[in-house]
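What follows is a short report on a single structure.
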Amino acid sequence: MKVFGVFIFILLLATAQNLLIDMLLGYKFTYAVSHLLNPFWVIEAGEIIMLVFFFLLTIGHQILLIRKNKANKQNGSS
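Residues 9 to 86 in the working numbering are what the sequence shown lists, from first letter to last.
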């Protein structure tokens, strides 16, 4: 229960910090909340490219691990 409480506390602090930074940048409260709820609306092209790159890197790593495990099983059972 203590871990859950710490998690909620940190989540609320991070949310408040995000809202405060957006409001200090001059955005209205409703616009800051919309940025908080859907961060993909404010993402730029370079950030999208990096996000896709990391996603493909993760998927590629999983595929390589699966192939390696299949090769090890075939070599070990022969």
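We put the CB at the ideal spot given by N, CA and C, even for glycine.
Here the alpha carbons of residue 61 and residue 79 stand approximately 27 angstroms from one another. Following the DSSP letters along the chain, one finds residue 10 inside the alpha helix (DSSP H) bounded by residues 10-32. Membership of residue 41 in the alpha helix (DSSP H) is indicated by the continuous run 37-45. In terms of CA proximity to residue 47, 27 leads the group 63, 16, 27, 34. Rounded to whole angstroms, the gap between the alpha carbons of residue 73 and residue 81 is 12 angstroms. In the three-state scheme derived from DSSP, where H, G and I count as helix and E and B as strand, residue 50 is classed as coil.
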